[in-house]
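Encoded as structure tokens, the structure appears first; notes follow it.
2 protein chains.
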Amino acid sequence: MTKDTAPDYKPTDRTKLKRIRERAHYDRETIYDILDAGLLCHVGYTIDDQPYVTPTCHWREGNAVYWHGSSASKALKAQRQGIPVCVTVSHMDGLVMARSGLHHSINYRSVMLFGTAHLVEGRDAKEASLKAFMDRIAPGRWEDCKPVTGQEIKGTMILGLEIDEVVAKVRTGPPADDEEDYALDIWAGVVPITTRIGKPVPDPRLKAGIEVPAYLKKIKIG
Amino acid sequence: MTKDTAPDYKPTDRTKLKRIRERAHYDRETIYDILDAGLLCHVGYTIDDQPYVTPTCHWREGNAVYWHGSSASKALKAQRQGIPVCVTVSHMDGLVMARSGLHHSINYRSVMLFGTAHLVEGRDAKEASLKAFMDRIAPGRWEDCKPVTGQEIKGTMILGLEIDEVVAKVRTGPPADDEEDYALDIWAGVVPITTRIGKPVPDPRLKAGIEVPAYLKKIKIG
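Listed below in structure tokens is the structure:
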């Protein structure tokens, strides 16, 4: 589906912004870009009236977001039962320093996604999904690694969530001060925040003579 | 209270790790350090059986975590009613590249905090709390800014959550491969991830001749 024909996601009661509505986005491109820029999502779910927020890695394939963990995980076992979940991905891009204290803000991109998760089943489908996860981070790594075993695949649970009820929120740009405050002698602007991927650090037990693969020097997050 | 006499937080059913227990920490120092290193938390709460995960800034004062927003915010209005919340703070420190696909991991520090929020009330208490928030980011900024007004304070809701039912999870160090895999000719190690604070970018409408304050060059997050 090309960008031109892709439908926007429809705002619902849960995803319609009540305030500062200009920060809300429901177009596929914005939402996919924010999801794909991140590696870490926060999954919200409720067990016995207690909400839990679990940080975990996510990846996107087509119009769904995926995350995984041990098949023994209590959180994942609960989430696969079709309980409502909320998956949030957030990037902080800058500290917005305004002239007045209460106009300080954050430049950010976030996606909040609602629905019920489904289980990815079958060895082939699970393995393909894990490969997609690795390919998102370091294309080529999957092929370099020791092949996964059936037992490992069995011990791994993968959950997916269709992107349907979703909203992106984005703030960019300089502070928005009250008009009369622009005359004040106070520094104002944005302090940028970025995610830096460092130089790979070899395992102390790495065999001699193995070079850092090129795909580990091209990782981008944030 | 000094570190030596500070009691650890007691694990509960919700905060006791069932698997990989060596990653769990219940000591005050570890938990405070992780909370204080971050600016962004994810607040989980449930409305009509639907969990929500909202990214927002947090700060710590003593043994409590605080966050704020508009007094008109539907999320904050729900959270102040004494509903259970879960506040999670996460830092990704590195990509752990193992020799086998399923042993890949993330180096991270996270805190998961459970409880019910309380409202910070009264102009003085609210103003002091907002100053503490600013001081955590840029000490000196609060004094430089235009003083907050009573109306602004009224329009701001601040919620606090005592740190009591809490767990930190930390993974550090190189991959943990199966013993026989260390002989494989596969690069393994850690790709570090850090948060970079950039050079402040002046507001296009900044009055001429105002220098960047020193406190904006010393910000640390992550």
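Protein chains in written order, with this note's numbering: chain A, 2 to 223; chain B, 2 to 223. Yeah, the Cβ is synthetic: ideal placement off N, Cα and C, and Gly gets one too.
For residue 207 of chain A, which residues from the same chain have a beta carbon less than 7 Å from its beta carbon, with the 5 sequence-adjacent residues on both sides left out? none
Once you ignore the five residues that flank residue 120 of chain A on each side, which residues in its own chain have a CB closer than 6 Å to its CB? 81
Could you work out which residues of chain A lie near residue 183 of chain B, taking near to mean beta carbons separated by less than 7 Å? 206
Helix, strand or coil at residue 89 of chain A according to DSSP, with G and I counted as helix: strand
Looking at C-beta atoms only, is the number of pairs between the segment 45-55 of chain B and the segment 120-133 of chain B that lie closer than 8 Å three or more? no
On the criterion of 16 or more Cβ atoms from any shown chain inside 10 Å, does residue 3 of chain A qualify as buried, or is it exposed? Here residue 3 of chain A scores only 44 on pLDDT, less than 50, and its place in the model should not be relied on; the value that follows carries that caveat. Exposed, since its Cβ has fewer than 16 Cβ neighbours within 10 Å.
With H, G and I counted as helix, E and B as strand and the rest as coil, what does DSSP make of residue 4 of chain B? Because residue 4 of chain B sits at a pLDDT of 48, beneath the cut-off of 50, its placement in the model cannot be relied upon, and the following sentence gives the value as read from the coordinates. Looking at residue 4 of chain B - three-state DSSP - the assignment turns out to be coil, as it is neither helix nor strand.
I'd like to check one pair, residue 95 of chain A with residue 146 of chain B: are the Cβ atoms closer than 8 Å? no
Rounded separation between residue 100 of chain A and residue 185 of chain A - CA only: 7 Å
Can the beta-carbon of residue 108 of chain A be found less than 8 Å from the beta-carbon of residue 172 of chain A? yes
May I have the straight-line CA-CA distance separating residue 36 of chain B from residue 177 of chain A, to the nearest angstrom? 29 Å
Of the residues B:150, B:167, B:160, which one's Cα is nearest the Cα of residue 179 of chain A? B:150
Can you confirm whether residue 2 of chain B, when its beta carbon is compared against all beta carbons of chain A, has any partner nearer than 8 Å? Reliability of the predicted coordinates at residue 2 of chain B is poor, the pLDDT of 40 falling under 50, and the value obtained from them is presented with this limitation in mind. Not an interface residue.
Rounded to the nearest angstrom, how far is the Cβ of residue 222 of chain A from that of residue 39 of chain A, given a contact under 8 Å? 7 Å
How close, in whole Å, do the beta carbons of residue 88 of chain B and residue 58 of chain B come, if the pair is a contact with beta carbons under 8 Å? That belief does not hold up - the Cβ atoms of residue 88 of chain B and residue 58 of chain B are roughly 12 Å apart, past 8 Å.
Through-space distance from residue 170 of chain A to residue 132 of chain B, alpha-carbon basis: 26 Å
DSSP-derived helix/strand/coil call for residue 188 of chain B: coil
Residue 189 of chain A: contacting residues in chain B (beta-carbon distance under 7 Å): 204, 207
Identify each residue in the segment 48-79 of chain A for which the Cβ-Cβ distance to at least one residue of chain B is less than 8 Å, and report them in chain order. 50, 51, 52, 53, 54, 55, 56, 58, 71, 73, 74, 75
How should residue 14 of chain B be labelled, buried or exposed, when 16 other C-beta atoms within 10 angstroms of its C-beta is the threshold for buried? exposed
Is residue 80 of chain A helix, strand or coil by DSSP? helix
Over what stretch of residues does the beta strand (DSSP E) that includes residue 57 of chain A continue unbroken? 51-62
Taking the beta strand (DSSP E) that residue 45 of chain B belongs to, which residues open and close that run? 41-48
Which complete beta strand (DSSP E) runs does the segment 155-219 of chain B hold, if anything under 3 residues is left out? 157-163, 166-172, 190-198
Near residue 196 of chain B, which residues of its chain fall below 6 Å by C-beta distance, leaving aside the five closest residues on each side in sequence? 222, 223
Once DSSP output is grouped into helix, strand and coil, what is the label at residue 120 of chain B? strand
Since residue 217 of chain B meets chain A, which of its residues come closer than 9 Å, beta carbon to beta carbon? 96, 98, 188, 190, 192
Within a Cβ cutoff of 8 Å, which residues of the same chain sit near residue 175 of chain B, ignoring the five residues on either side of it in sequence? 97, 189, 190, 191
Please state if the CB of residue 112 of chain B and the CB of residue 90 of chain B are separated by a distance shorter than 8 Å. yes
Three-way DSSP call (helix, strand, coil) for residue 67 of chain B in this model: strand
What residue from B:104, B:210, B:217, B:181 has the CA that sits closest to residue 201 of chain B's CA? B:217
Chain A partners of residue 46 of chain B, CB-CB under 7 Å? 52
C-beta atoms of residue 165 of chain B and residue 10 of chain B nearer than 8 Å: yes
Please go through the same chain and pick out, in chain order, the residues whose beta-carbon is closer than 6 Å to the beta-carbon of residue 28 of chain A, but skip the five residues on each side of it. 9
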